[in-house]
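**Student:** Going by our numbering, the sequence shown opens with residue 8, and the numbers climb by one from there.
A virtual CB, placed ideally from N, CA and C, is assigned to each residue, including glycine.
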Amino acid sequence: MTDQHPLEKARITRDRDETGDYLIIHDASPPASSLVERVAKGIGSASPWMHSHRDEARAAIREVAAWLRDRGGYPWAWVAQTLEQEADR
């Protein structure tokens with residue numbers, strides 16, 4: 008096992024402090040959820056129904072993948088394939 012620099016897996020976000028200046032926050036914690044769960048949560052926040060929206064999230068991810076694949080060439084095809092794999096998890 009290799010030692011990793013603490014910021015190697017960091018996610019960088021911006022926030023403002025009390026003076027209104029931007030702060031850069033390095034959050035080294037892993038992402039809380041998969042892409043499907045994150046998209047489902049986004050869909051669900053606009054919906055009054057109480058279900059997970061995972062099927063809708065997978066469909067949305069696949070549509071984005073198809074749109075990218077239609078653009079053709081590298082890196083679009085690779086990104087489309089990666090999105091399709093994530094939707095199938």
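Below 8 Å on the Cβ atoms is my guess for A64 versus V46; work out the distance and round it to an integer in Å.
**Tutor:** That belief holds up - the Cβ atoms of A64 and V46 are roughly 4 Å apart, short of 8 Å.
**Student:** Would you kindly report the start and end of the unbroken alpha helix (DSSP H) that includes T89?
**Tutor:** Run containing T89: W83 to A94, per the alpha helix (DSSP H) assignment.
**Student:** What's the C-alpha gap between P82 and Q88?
**Tutor:** 10 Å
**Student:** Measuring CA to CA, which of D77, E91, G49 and G79 is closest to I68?
**Tutor:** Cα-wise, what sits closest to I68 is E91.
**Student:** Please work out which residues of its chain come closer than 7 Å, Cβ to Cβ, to T26, disregarding the five sequence neighbours upstream and downstream, and give them in chain order.
**Tutor:** Same-chain partners within the cutoff: there are none.
**Student:** Taking R76 and A84 to be in contact with their CB atoms under 8 Å, please state how far apart those CB atoms are, rounded to whole angstroms.
**Tutor:** 6 Å
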